[in-house]
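Participant: Sending over a structure as structure tokens; questions will come in a sec.
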Amino acid sequence: GAVVSQHPSRVICKSGTSVKIECRSLDFQATTMFWYRQFPKQSLMLMATSNEGSKATYEQGVEKDKFLINHASLTLSTLTVTSAHPEDSSFYICSAARGEGKGTSNQPQHFGDGTRLSIL
Amino acid sequence: KQEVTQIPAALSVPEGENLVLNCSFTDSAIYNLQWFRQDPGKGLTSLLLIQSSQREQTSGRLNASLDKSSGRSTLYIAASQPGDSATYLCAVRGSSNTGKLIFGQGTTLQVKP
Chain A
510 GAVVSQHPSR VICKSGTSVK IECRSLDFQA TTMFWYRQFP KQSLMLMATS
560 NEGSKATYEQ GVEKDKFLIN HASLTLSTLT VTSAHPEDSS FYICSAARGE
610 GKGTSNQPQH FGDGTRLSIL
Chain B
75 KQEVTQIPAA LSVPEGENLV LNCSFTDSAI YNLQWFRQDP GKGLTSLLLI
125 QSSQREQTSG RLNASLDKSS GRSTLYIAAS QPGDSATYLC AVRGSSNTGK
175 LIFGQGTTLQ VKP
């Protein structure tokens, strides 16, 4: 089955630090990956769509200079939270699907295990 | 704007009971609908995917139905077990097929031994 790996699983750091989170599709290529944020006891909110070889597409209200996305290859997307502050503390999850970005994809989305970010 | 609602928000049942989780969406123009399971502090595990042309999908003790015209989906869990305790999320993918998923708030299920 399709596997999406996310690293690290947990980060605790001081305010002002920049944090990079990696999302890898281990056994398939994903032209497009997605980054979500989840607050405690709430559902997932899409932050941005990561496109291989081009700029990410951000959802309304998400600061692109704050949340830098780089889709360096067909199997890797990274999310960098720049100069993180306590309000950035959250659970960040990425997803990908086989064939995504290559036209119509009827494949299920597969999610990483998430990254718990805690900013002190 | 698509909105997804899940009812109930929380559910507690004794082991062995059959149960139904509900998901409704406001815009029937969807590409597909996916049910996920999320354990505390973990990512999402895909359970079932129903394409817009399908009416139901089954996997083991799980059965998901889709009534696109009325904007509803149900997840039926047969013979529930304590290991089924988790939060269940439904998500719809719009007909524009951009890949974006719109999630419901989830139903937190507790199955008591």
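Protein chains in written order, with the working numbering: chain A, 510 to 629; chain B, 75 to 187. Here a beta-carbon is modelled for each residue, glycine too, at the ideal position from N, C-alpha and C.
Pull up the distance between the alpha-carbon of A/R519 and that of B/S139, whole angstroms please.
Facilitator: Their backbone Cα atoms lie some 36 Å apart in a straight line.
Participant: With H, G and I counted as helix, E and B as strand and the rest as coil, what does DSSP make of B/G168?
Facilitator: Reduced to three states, the DSSP call for B/G168 is strand.
Participant: Quick one: is A/L588 near chain B, going by C-beta distance under 8 Å?
Facilitator: No - not a single Cβ of chain B is within 8 Å of the one on A/L588.
Participant: Kindly give me the distance between the Cβ atoms of A/C603 and A/S586, rounded to whole angstroms, as I take these residues to be in contact under 8 Å.
Facilitator: Right, the Cβ-Cβ distance comes to about 7 Å (below 8 Å), so this counts as a contact.
Participant: Got a sec, what are the start and stop residues for the beta strand (DSSP E) B/P88 sits in?
Facilitator: 84-88 is the span of the beta strand (DSSP E), which, as asked, contains B/P88.
Participant: Return the CA-CA distance between A/S556 and B/N96, expressed in angstroms with no decimal places.
Facilitator: The amino acid occupying residue 556 of chain A in the given sequence is Met; Ser does not appear at that position. Cα to Cα, A/M556 sits roughly 26 Å from B/N96.
Participant: Return the CA-CA distance between B/Q184 and A/Q551, expressed in angstroms with no decimal places.
Facilitator: Using only the alpha carbons, I get a separation of about 17 Å.
Participant: With 16 other CB atoms within 10 Å as the buried threshold, where does B/R129 fall?
Facilitator: So B/R129 counts as exposed.
Participant: In angstroms with no decimal places, state the Cα-to-Cα distance between A/E596 and A/H516.
Facilitator: Computed Cα separation, rounded: 21 Å.
Participant: Is the Cβ-Cβ distance between A/S524 and A/I628 less than 8 Å?
Facilitator: Against a cut-off of 8 Å, the Cβ pair of A/I628 and A/S524 comes out as a contact.
Participant: In chain order, which beta strand (DSSP E) runs of at least 3 residues are fully inside the region 540-588 of chain A?
Facilitator: Listed in chain order, the complete beta strand (DSSP E) runs (minimum 3 residues) inside the region 540-588 of chain A are 541-547, 553-560, 576-582.
Participant: Looking only at its chain, what residues have a beta carbon closer than 7 Å to the beta carbon of B/F177, apart from the 5 residues adjacent to it on each side?
Facilitator: Around B/F177: V78, L163, A165.
Participant: List the residues of chain B that A/F620 touches, going by C-beta distances under 7 Å, in chain order.
Facilitator: Correct list: G117, L118.
Participant: One question on the structure: do B/P88 and B/K186 come within less than 8 Å of each other, judged by their Cβ atoms?
Facilitator: It is a contact, given that the beta carbons lie within the stated cut-off.
Participant: In chain A, which residues lie less than 9 Å from B/L123 when you measure between Cβ atoms?
Facilitator: Residues of chain A passing the Cβ test: N615, Q616, P617, Q618.
Participant: Return the residue from the list A/T541, A/S599, A/Q616, A/A606 that minimises the CA-CA distance to B/K116.
Facilitator: Closest option to B/K116, Cα to Cα, is A/S599.
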